[in-house]
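Engineer:
In our numbering, the protein residues as written are 5 to 158.
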């Protein structure tokens with residue numbers, strides 16, 4: 005049975021994972037942040053560091069990334085900046101749309117410094133759609149083709 009005391013969740017931004025080890029039933033994570041090497045231990049490590057996951061590279065160093073045939077468009081907006089009708093539709097609900105070749109979903113996630121306070125949380129939405137010509141999608145408004153993602157506002 006999981007510990008019901010609430011535990012602790014940490015969202016640590018602008019950190020680069022350098023190593024991880026499993027010892028005595030705990031996960032030790034080593035990272036660099038603000039030019040300092042730091043570490044943290046926990047019962048569980050969720051590797052949600054994106055398509056260029058440094059944790060996946062540590063676990064599977066020979067695994068090569070391969071395009072899966074779809075793209076994801078996403079945005080996270082501050083709950084207090086969203087319209088009332090949007091908030092009432094997606095907050096406190098897991099909303100999604102699914103059709104052949106596409107899926108859209110949205111959910112609430114912690115805001116700055118991990119806050120769960122209403123209005124300060126983020127509403128994340130993501131639209132997955134099939135795309136055969138990845139290079140066309142990854143060509144920005146200046147005509148530059150990027151490898152895996154478009155920079156903001158491009």
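Glycine included, each C-beta is placed from N, C-alpha and C at the ideal position.
#1: Let's see if you can read the secondary structure: which residues bound the beta strand (DSSP E) around residue 42?
#2: Flag residue 65 as yes if its beta-carbon sits less than 8 Å from any beta-carbon of chain D, otherwise no.
#3: Under 6 Å Cβ to Cβ from residue 77, same chain only, skipping five residues before and after it: list those, please.
#4: Please list the terminal residues of the continuous beta strand (DSSP E) segment that includes residue 69.
#5: Mind checking which residues open and close the beta strand (DSSP E) that includes residue 110?
#6: Return the Cβ separation of residue 75 and residue 135 in integer angstroms, given the expectation that the two are a contact with Cβ distance under 8 Å.
#7: Rounded to whole angstroms, what is the Cα-Cα separation between residue 164 and residue 71?
#8: I'd like the span of the alpha helix (DSSP H) that includes residue 121, first residue to last.
#9: Would you kindly report the start and end of the unbroken beta strand (DSSP E) that includes residue 30?
#10: Could you check the C-alpha separation between residue 149 and residue 66 for me, to the nearest Å?
#11: Taking the alpha-carbon of residue 21 as reference, which of 39, 92 and 29 has the nearest alpha-carbon?
#12: Using a Cβ-Cβ cut-off of 8 Å (strictly less than) and excluding sequence neighbours within five positions of residue 120, which residues of its own chain qualify?
#13: In the DSSP output, what is residue 131 paired with across the bridge?
#14: Compare the Cα-Cα distances from residue 129 to each of 89, 147, 107 and 53 and report the closest residue.
#15: Cutting at 8 Å between CB atoms, please list the residues of its own chain near residue 31, excluding the five before and the five after it.
Structural biologist: Inspection of the coordinates gives the following:
#1: It spans 40-46 - the beta strand (DSSP E) in which residue 42 sits, taken as one unbroken run.
#2: The question asks about chain D, but that chain is absent: this structure has only one protein chain.
#3: Taken in chain order, the residues that qualify are 131.
#4: From DSSP, residue 69 is part of no beta strand (DSSP E); its letter is neither H nor E.
#5: Counting along the chain, residue 110 sits inside the beta strand (DSSP E) bounded by residues 106-113.
#6: About 5 Å separates the two Cβ atoms, so the contact holds.
#7: Since the first and last residues shown for the chain are 5 and 158, residue 164 lies out of range.
#8: First-last for residue 121: undefined, no H or E at that position.
#9: Boundaries of the beta strand (DSSP E) around residue 30: 30-37.
#10: Roughly 26 Å between the two C-alpha positions.
#11: Closest by C-alpha distance to residue 21, out of 39, 92 and 29, is 39.
#12: Leaving aside the five residues that flank residue 120 on each side, the residues in its chain whose CB is nearer than 8 Å to its CB run, in chain order, 114.
#13: Residue 131 is bridged to 77 and 108.
#14: Of the candidates 89, 147, 107 and 53, the one whose C-alpha sits nearest the C-alpha of residue 129 is 107.
#15: Closer than 8 Å at the Cβ level, and outside the excluded window around residue 31, lie 24, 25, 45, 46, 47, 48 and 49.
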